[in-house]
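Presented below is the structure to which this report refers.
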Amino acid sequence: MIKSIFNKLIIATGFFVSVCSYAQKDFQGKAYYQSKTSVDMSNFGRPGMSEDQKKRIADRMKSIFEKTYILTFTQSESIYKEEEKLEAPSQGGRGGRFAMMSSSFTRGPQYKNVKSKSLLEDQEFFGKQFLIKDSLPQYNWKMGSETKQIGKYLCFKATATIQSNAYDFTNFRRPPNREENNKEQDSAKAKEAEEDTNTTREIKIVAWYTMQIPINQGPGEYWGLPGLILEVNADKTTILCSKIVMNPEEKTTIKAPSKGKKVTRDEYDIIVKKKTEEVRENFRGRGGRGGGGRRG
116 MIKSIFNKLI
126 IATGFFVSVC
136 SYAQKDFQGK
146 AYYQSKTSVD
156 MSNFGRPGMS
166 EDQKKRIADR
176 MKSIFEKTYI
186 LTFTQSESIY
196 KEEEKLEAPS
206 QGGRGGRFAM
216 MSSSFTRGPQ
226 YKNVKSKSLL
236 EDQEFFGKQF
246 LIKDSLPQYN
256 WKMGSETKQI
266 GKYLCFKATA
276 TIQSNAYDFT
286 NFRRPPNREE
296 NNKEQDSAKA
306 KEAEEDTNTT
316 REIKIVAWYT
326 MQIPINQGPG
336 EYWGLPGLIL
346 EVNADKTTIL
356 CSKIVMNPEE
366 KTTIKAPSKG
376 KKVTRDEYDI
386 IVKKKTEEVR
396 ENFRGRGGRG
406 GGGRRG
């Protein structure tokens with residue numbers, strides 16, 4: 116019991132020191148996050164595609180679903196963007212509908228202002244630049260007493276549940292097999308694909324935040340806890356902080372993105388769904404063929 120009281124005193128003292136440290140107006144920090152999204156490959160590819168072919172495509176997709184982001188933050192503002200890297204040379208080959216869709220997404224900086232509760236995101240989709248303007252999502256966080264250590268930071272667990280109707284690009288489905296000429300099967304697959312596009316899903320979010328950095332910021336659109344969020348598990352995605360730099364010598368100007376066609380989140384989701392269905396129909400009409408053609 117004495118040990119427990121001692122630990123609580125250490126936490127309380129650390130929190131008090133942290134609050135005093137972060138009260139300064141020119142305070143700034145940088146947090147580096149690794150984002151990984153698991154992919155269901157069980158239904159991916161053409162019927163008869165070899166495991167080696169699947170593996171090559173999975174390796175190419177790894178760069179799409181494993182990213183490093185940097186969150187630059189102050190007390191009230193943050194900018195979240197992908198760490199710049201040299202692009203690996205293209206290996207060519209088949210990627211089908213997914214390769215076409217994924218290569219058409221370019222996610223730009225995401226800006227959050229927790230005072231005005233506003234969110235701005237720069238997004239390029241099929242050659243068009245959009246500026247998604249929205250209010251910050253309101254999470255009904257349930258904060259528990261469970262803790263764990265992430266690096267040198269003691270973190271507390273919080274959970275929330277949201278409803279999402281965003282299209283899930285990680286759940287691949289085989290196109291209809293034209294050789295079988297099974298209209299009933301084709302119809303079932305088309306209906307299943309349509310449900311993927313329109314269904315609202317319930318997603319549970321598990322977040323770990325540290326009160327040693329007492330700001331209500333976090334990676335991506337996550338925010339609203341009494342400390343910086345260092346880890347998020349939501350649906351098939353895990354975002355984990357790997358490094359934090361407090362008050363770096365070289366300050367970064369946090370500037371909200373301003374270029375692109377202004378749309379709301381709902382309007383942008385409709386644009387994405389319509390284009391996704393268009394690509395799906397074109398892909399289906401070609402019998403599921405896509406990518407770089409036949410090899411000689």
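For any residue, its number in our numbering is found by taking its place in the sequence shown, counting from 1, and adding 115.
Think of the CB as a built atom: it goes at the ideal place given N, C-alpha and C, for glycine as much as any other residue.
Exercise for the section: Name the one or two DSSP bridge partners that residue 358 has. Expected result: For residue 358, the beta-bridge partners assigned by DSSP are 147.
Problem - Straight-line Cα distance separating residue 181 from residue 149 - result: Rounded to whole angstroms, residue 149 to residue 181 spans 7 Å at the Cα level.
Exercise for the section: Using the Cα positions of residue 388 and residue 276, report the straight-line distance between them to the nearest angstrom. Expected result: Taking the straight line joining both Cα atoms gives about 23 Å.
Practice task
Identify, in the order they occur along the chain, each residue of the same chain with its Cβ nearer than 7 Å to the Cβ of residue 350, setting aside the five sequence neighbours on each side.
Solution key: Around residue 350, the same chain offers 318 as residues with beta carbons nearer than 7 Å, after the five sequence neighbours per side are excluded.
Exercise for the section: Spatial neighbours of residue 255 within its chain, please: CB distance less than 8 Å, with the 5 preceding and 5 following residues excluded, ordered by chain position. Expected result: Beyond the five residues adjoining it in sequence on each side, residue 255 comes within less than 8 Å, by CB distance, of 275 and 276 in the same chain, given in chain order.
Practice task
Only counting runs of 4 or more residues, tell me where the alpha helix (DSSP H) segments fall wholly within the stretch 319-400, in order along the chain.
Solution key: The qualifying runs are 380-400.
Problem - Option in 185, 177, 167 and 151 with minimal Cα separation from residue 369 - result: Each of 185, 177, 167 and 151 was checked against the Cα of residue 369, and the nearest Cα belongs to 185.
Exercise for the section: Please determine if the stretch 231-239 and the stretch 256-266 are in contact, where contact requires at least 3 C-beta pairs separated by less than 8 Å. Expected result: Result no; under three Cβ-Cβ pairs closer than 8 Å.
Practice task
For the beta strand (DSSP E) holding residue 61, just list the boundary residues, first then last.
Solution key: Since the first and last residues shown for the chain are 116 and 411, residue 61 lies out of range.
Problem - Local conformation of residue 259 per DSSP, three classes - result: Strand at residue 259.
Exercise for the section: Work out the CA separation of residue 173 and residue 166 for me, nearest whole Å. Expected result: When only Cα atoms are considered, residue 166 and residue 173 end up about 10 Å apart.
Handout entry: Secondary structure of residue 241, DSSP reduced to three states
Key = Residue 241: coil per DSSP, three-state reduction.
Exercise for the section: Mind checking who residue 192 pairs with in its DSSP beta bridge? Expected result: Per DSSP, 228.
Problem - Straight-line Cα distance separating residue 330 from residue 381 - result: Put simply, the backbone Cα of residue 381 is about 28 Å away from that of residue 330.
Problem - Residue interval of the beta strand (DSSP E) (run including residue 268) - result: Residues 268-279.
Handout entry: Assigned exposure category for residue 143 - 16 Cβ within 10 Å defines buried
Key = Residue 143 counts as buried, since at least 16 other C-beta atoms from the protein chains shown sit within 10 angstroms of its C-beta.
Exercise for the section: Classify residue 206 as buried or exposed, calling it buried when 16 or more other Cβ atoms lie within 10 Å of its own Cβ. Expected result: Residue confidence for residue 206 is low, a pLDDT of 46 falling below 50, so the modelled location carries little weight and cannot support an answer.
Problem - Check whether residue 321 and residue 280 have beta carbons under 8 Å apart - result: No, the pair does not count as a contact, with Cβ atoms beyond the cut-off.
Exercise for the section: May I have the straight-line CA-CA distance separating residue 384 from residue 324, to the nearest angstrom? Expected result: Using only the alpha carbons, I get a separation of about 29 Å.
Problem - Strand pairing of residue 184, partner residues [DSSP] - result: Note: residue 184 sits in a beta bridge opposite 148 and 197.
Exercise for the section: Would you check if the distance between the CB atom of residue 246 and the CB atom of residue 338 is smaller than 8 Å? Expected result: Contact flag unset, no.
Practice task
Return the residue from the list 191, 189, 196 and 190 that minimises the CA-CA distance to residue 183.
Solution key: Of the listed residues, the one whose Cα sits closest to residue 183 is 196.
Problem - Through-space distance from residue 233 to residue 187, alpha-carbon basis - result: If you take the alpha carbons of residue 187 and residue 233, they lie about 16 Å apart.
Practice task
Drop a sphere of 10 angstroms on the beta-carbon of residue 81, count the other beta-carbons inside from all chains shown, and report buried for 16 or more, exposed for fewer.
Solution key: The structure shown has nothing for residue 81, since the chain only spans 116 to 411.
Handout entry: Per-residue DSSP class, three states only, for residue 253
Key = Three-state result, residue 253: coil.
Handout entry: Sub-8 Å separation of residue 394 and residue 145 beta-carbons
Key = It is not a contact, given that the beta carbons lie outside the stated cut-off.
Handout entry: From 328, 356, 253 and 342, residue whose alpha carbon lies closest to that of residue 278
Key = Of the candidates 328, 356, 253 and 342, the one whose C-alpha sits nearest the C-alpha of residue 278 is 253.
Problem - Expected contact under 8 Å - CB spacing of residue 248 and residue 379 to nearest Å - result: About 6 Å separates the CB atoms of residue 248 and residue 379; that is less than 8 Å, so the two are in contact.
Exercise for the section: Could you name the residues of the same chain whose beta carbon sits closer than 7 Å to that of residue 412, not counting the 5 residues immediately before and after it, in chain order? Expected result: Because residue 412 is not part of the residues shown, which for the chain are 116 to 411, the question remains open.
Handout entry: Cβ separation of residue 356 and residue 365, assumed to be a contact under 8 Å, to the nearest whole Å
Key = About 20 Å separates the Cβ atoms of residue 356 and residue 365, ruling out a contact at the 8 Å cut-off.
Practice task
Closer than 6 Å by C-beta to residue 221: which residues in its own chain qualify, once you throw out the five before and the five after it? Chain order, please.
Solution key: Taken in chain order, the residues that qualify are 239.
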